[in-house]
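Worksheet: one structure, shown below.
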Amino acid sequence: MTTYPRRQVLGAAAGAAVAAGLPLATPAEARAAGDRPGEWVPVPDAIPVPLDAYLDNDGIDTASARGGNFDGSGYTLPGEELPAGPVEVDGTLFTFPSSAEGARNNVVALGQRIDLPKGRYLSAVFLTAGSYGSASGRATVHYADGGATTAGLGGADWYSAGGPLSAGYRYKPDGTKDEHRVGIGTAEVWLDPRREAVALTLPTTNPAEEGKTSLHVFALSLQPAVEGRALALRNVRSTQSLLESSGAQSVEATVVNAGTVAVLATDRLSVSVEVPGARTVQPAAVRRLDPGEQARVRVGIRNRAGTPPGTTRDGRVVARGRGQQATAGTGKLGLGVPDYRPAEDSLAGHQAPYWFHRAKFGIFIHWGVYSVPAWSPVGKQYAEWYWNHMESPDNEVHAYHRQTYGEDFAYDDFIPMFTAKRFDPRAWVELFRDAGAQYHVLTSKHHEGFALWDTRFADRNSVKMGPKRDLIRELFDASARYTPELRRGLYFSMPEWFNPDDPWTGHAPRNPYTLEPVPYTGYTAGKDYVKDYQAAQMLELIHGYDPALLWCDIGGANDSLRVLAEYFNHGKNRAKPYEVAVNDRSGIGFHDFTTPEYTTYDNTVVAKWESSRGLDPRSYGWNRATPDDAYMTAEEVVQSLVDIVAKNGNFLLDIGPRADGTIPEIMETRLRETGRWLRTNGEAIYDTTYWSRMAELGEDLRFTVRQNHAFYIHSLTAPGSKLTVEAPVPIRAGDKVTMLGHHRPLTWRVSNGALVIDVPAAARKSGEHVWVFKVEWQS
Numbered sequence: 025m026t027t028y029p030r031r032q033v034l035g036a037a038a039g040a041a042v043a044a045g046l047p048l049a050t051p052a053e054a055r056a057a058g059d060r061p062g063e064w065v066p067v068p069d070a071i072p073v074p075l076d077a078y079l080d081n082d083g084i085d086t087a088s089a090r091g092g093n094f095d096g097s098g099y100t101l102p103g104e105e106l107p108a109g110p111v112e113v114d115g116t117l118f119t120f121p122s123s124a125e126g127a128r129n130n131v132v133a134l135g136q137r138i139d140l141p142k143g144r145y146l147s148a149v150f151l152t153a154g155s156y157g158s159a160s161g162r163a164t165v166h167y168a169d170g171g172a173t174t175a176g177l178g179g180a181d182w183y184s185a186g187g188p189l190s191a192g193y194r195y196k197p198d199g200t201k202d203e204h205r206v207g208i209g210t211a212e213v214w215l216d217p218r219r220e221a222v223a224l225t226l227p228t229t230n231p232a233e234e235g236k237t238s239l240h241v242f243a244l245s246l247q248p249a250v251e252g253r254a255l256a257l258r259n260v261r262s263t264q265s266l267l268e269s270s271g272a273q274s275v276e277a278t279v280v281n282a283g284t285v286a287v288l289a290t291d292r293l294s295v296s297v298e299v300p301g302a303r304t305v306q307p308a309a310v311r312r313l314d315p316g317e318q319a320r321v322r323v324g325i326r327n328r329a330g331t332p333p334g335t336t337r338d339g340r341v342v343a344r345g346r347g348q349q350a351t352a353g354t355g356k357l358g359l360g361v362p363d364y365r366p367a368e369d370s371l372a373g374h375q376a377p378y379w380f381h382r383a384k385f386g387i388f389i390h391w392g393v394y395s396v397p398a399w400s401p402v403g404k405q406y407a408e409w410y411w412n413h414m415e416s417p418d419n420e421v422h423a424y425h426r427q428t429y430g431e432d433f434a435y436d437d438f439i440p441m442f443t444a445k446r447f448d449p450r451a452w453v454e455l456f457r458d459a460g461a462q463y464h465v466l467t468s469k470h471h472e473g474f475a476l477w478d479t480r481f482a483d484r485n486s487v488k489m490g491p492k493r494d495l496i497r498e499l500f501d502a503s504a505r506y507t508p509e510l511r512r513g514l515y516f517s518m519p520e521w522f523n524p525d526d527p528w529t530g531h532a533p534r535n536p537y538t539l540e541p542v543p544y545t546g547y548t549a550g551k552d553y554v555k556d557y558q559a560a561q562m563l564e565l566i567h568g569y570d571p572a573l574l575w576c577d578i579g580g581a582n583d584s585l586r587v588l589a590e591y592f593n594h595g596k597n598r599a600k601p602y603e604v605a606v607n608d609r610s611g612i613g614f615h616d617f618t619t620p621e622y623t624t625y626d627n628t629v630v631a632k633w634e635s636s637r638g639l640d641p642r643s644y645g646w647n648r649a650t651p652d653d654a655y656m657t658a659e660e661v662v663q664s665l666v667d668i669v670a671k672n673g674n675f676l677l678d679i680g681p682r683a684d685g686t687i688p689e690i691m692e693t694r695l696r697e698t699g700r701w702l703r704t705n706g707e708a709i710y711d712t713t714y715w716s717r718m719a720e721l722g723e724d725l726r727f728t729v730r731q732n733h734a735f736y737i738h739s740l741t742a743p744g745s746k747l748t749v750e751a752p753v754p755i756r757a758g759d760k761v762t763m764l765g766h767h768r769p770l771t772w773r774v775s776n777g778a779l780v781i782d783v784p785a786a787a788r789k790s791g792e793h794v795w796v797f798k799v800e801w802q803s
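Under the numbering used here, the residues of the sequence shown are numbered 25 to 803, in order.
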């Protein structure tokens, strides 16, 4: 079983139902509870809940045991790659169902009511997956007092690589292997630990049928809650990431407050590592953690003399507070960061660097030969796919090209018209900075195969033809000089539509009207496409331009194991290590983050992700047909950013420059408007994390946390004279509430389990797009 960083989907609470959930203490109650002396209470293990009576779908096959049908179209998970019986996933004990022939092993969520052993629980943790897309819906928890709470429950698409339980293939309906990674993730729903739970009703999704999105549940465990001060450590693991403040190796853990008493600064809670061969040089502090909340912490360690990088030792991660040990977790820890090898198990030790987690907002730039014709039906398809769209007689681009340029005008005839004559790289990067972005990603080469740098592997590039300029070099040099705070990234298409040596479309360039061959300008066929061209160009970019992020696309045939190992080592082995990131489209199972485009996830996804889309309603490249009023408004950009960040994502917002290098005015306007909002509200975005209880409350509220310092409430609609938040907001007597941009303290109170904030007219007028309220925690 290959394991990758978890794709955990956390529940998002629903509106008024949460008011009946975990109640907020009054300031006096909170003060009394927090100041009571008391020992740390041990936390019991999770309790697996048998699902045998509810299992209704056979989604797992083996080579010798057939007959399953996971998704309604005959595909199944491989039983050889999955556990059986008791298994610990992300620190929680589950009972994984059987994969024997004919055995049912998952529940398709159709509103089933599952009986629970009566008790008080902190959370319900599930093993889930979605078929035909990520699936989610509302789960309802029922209590002995007759009340209920609801929360989101979801599962990531099993066909998206990753998940703590993952496999390198699935079975096709004919029993052969489909060599594409599939996975099962964890999802968590918070329960009210002060009430006895008796049952849980699953969301109602679709039956497991072809083309329908369904949520599948494989296992369920309950985390008991305990009275008093109680902490648990989950997901203890060493990483190969470095803490930026010290350069120390990071050991990560999730601290869970499983008790009924808040962790406060006065508890002096600190997390450290005890392991032979290394020492803790940077403990992690937890200064505020309310009952039921989680905090991901990073402890810095360094190897002692004589301990070579890559040494594995049994060790402990220990949390201490109030002068005593609160909890500890044990496991095997890798000490130091060895060189990466071109193998999945070696690359699996890599993860998205911490700068990427902090950055939150980046600018994508789609610029190439397609920026010359720059046309597609508005809101229907990507304009940068112009050449591909030309090939299809039933596509509107096919007719448009004939009418506008004529049947004998080949796509490559646009190359001399891609001039970049008004390209001002300094103006670009200063615009990105003013927009509030923390990184930018330029298309080094799109599917058309035209490179924007001086590649020595083909003359099909911007130095030998077209602009006659190294556009990547100019942009990166300007960024390093004028905006050194911005990280620089590159997009790279793994295949090319019409490369004669390995055409993605199945044929070399041809006239789409006569089907006669046409030249692939600037390229001489005869290479091993992967090793002598694709991989060689990727390494050329890595060593020649030092991208902090490599944004691959499409996948397919590749030499990515070797290339990425060299990429990671290239940064790691410098005098000052340079940590880099790669996405999930390089053609292998390993990745640092996933990349939904023109969509987002419904709930928090703990494994790092990044959503991308254009300001255009349906294009990354510039589309000359799109009117200004069809572009995203500043409000839509800001609200998308807030929603994505609240769910642990980054937002990569795309612009499409014209062929002459100018950025369309409407795009520049939207970026500057976004930057104005971020200058006021950026502290609630950058270097924040998701709230472990919920990402959203209804349609209008989102939440972020600046760990140990503040809690942020984002209102996507203009508030009235009072903002009522029916959720267990972590607030107590002495905490200060303000609205960003207004600065004066606001009065607040807890009423019937809800936080109520008085919002004066002056505060309401000072906000726009999204109104952000800050709960500043006091020591």
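The C-beta atom is built at its ideal place from N, Cα and C for all residues, glycine as well.
- Rounded to whole angstroms, E268 and Y378 show a C-alpha spacing of 8 angstroms.
- For I439, there is no enclosing alpha helix (DSSP H), as DSSP marks it with neither H nor E.
- As DSSP reads the structure, L357 sits in a beta bridge with R337.
- For the 9 angstroms CB-CB criterion, Q264 and A148 do not form a contact.
- Distances from the alpha-carbon of Y506 to those of R450, H531, L514, G530 put R450 closest.
- Burial is judged here by how many other beta carbons sit within 10 angstroms of a residue's own beta carbon; Y364 has at least 16 and is buried.
- Contact between L239 and T229 is confirmed by a C-beta separation of about 4 angstroms, below the 8 angstroms threshold.
- Distance from the CA of D436 to the CA of P231, rounded to the nearest whole angstrom, comes to 48 angstroms.
- By the criterion of at least three beta-carbon pairs nearer than 8 angstroms, the segment 659–674 is in contact with the segment 736–756.
- Boundaries for K445: no beta strand (DSSP E) harbours it, and the DSSP string shows neither H nor E there.
- Taking 8 angstroms as the upper bound for CB-CB distance, A461 and F385 are in contact here, some 5 angstroms apart.
- For H240, the pairing in a beta bridge is given by DSSP as V132, A153.
- The beta-carbon distance between G392 and V465, rounded to whole angstroms, is 14 angstroms. This is too long to meet the 8 angstroms contact definition.
- Considered as a whole, the segment 658–739 harbours 658–670, 689–705 as its complete alpha helix (DSSP H) runs of no fewer than 4 residues, in chain order.
- In the structure shown, the three-state DSSP call for L226 is coil.
- P754 and P300 have their alpha carbons spaced roughly 38 angstroms apart.
- Measuring C-alpha to C-alpha distances from I439 to each of G403, T428, H471, N485 identifies N485 as the nearest.
- Straight across, the Cα-Cα distance linking G358 with E212 is about 28 angstroms.
- Excluding sequence positions up to five before and after S584, its CB lies within less than 6 angstroms of the CB of S610, G611, I612, all in the same chain and listed in chain order.
- Here the C-alpha atom of E408 lies approximately 18 angstroms from the C-alpha atom of D418.
- Assigned with DSSP and collapsed to three states, W772 falls in strand.
- Here the alpha carbon of N412 sits roughly 25 angstroms from the alpha carbon of S184.
- The Cβ atoms of A163 and P227 sit closer than 9 angstroms to each other.
- Of the residues G316, P332, Q273, P315, the one whose Cα lies closest to the Cα of P307 is Q273.
- Judged by beta-carbon spacing, D616 lies within the 9 angstroms limit of V606, meaning their Cβ atoms are closer than that value.
- Contact between A559 and G403 does not hold, since the beta-carbon distance rounds to 37 angstroms and is not under 8 angstroms.
- Between the alpha carbons of W646 and T467 lies a gap of roughly 13 angstroms.
- With at least 16 other beta carbons inside 10 angstroms of its own, Q318 counts as buried.
- Comparing C-alpha distances from A168 to each of Y602, G199, E220 shows the shortest one belongs to E220.
- The three-state reading of DSSP puts S160 in strand, counting E and B together.
- Annotation for E431: Y537 place their beta carbon closer than 6 angstroms to its own, counting only its chain and skipping 5 residues before and after.
- It is roughly 42 angstroms from the alpha-carbon of V275 to the alpha-carbon of W528.
- Between the alpha carbons of T686 and G680 lies a gap of roughly 9 angstroms.
- About 6 angstroms separates the Cβ atoms of K746 and V783, confirming a contact at the 8 angstroms cut-off.
- Boundaries of the alpha helix (DSSP H) harbouring Q561: 559–569, taken from the DSSP string.
- Under the 10 Å beta carbon count, Y602 is surrounded by fewer than 16 other beta carbons and is classified as exposed.
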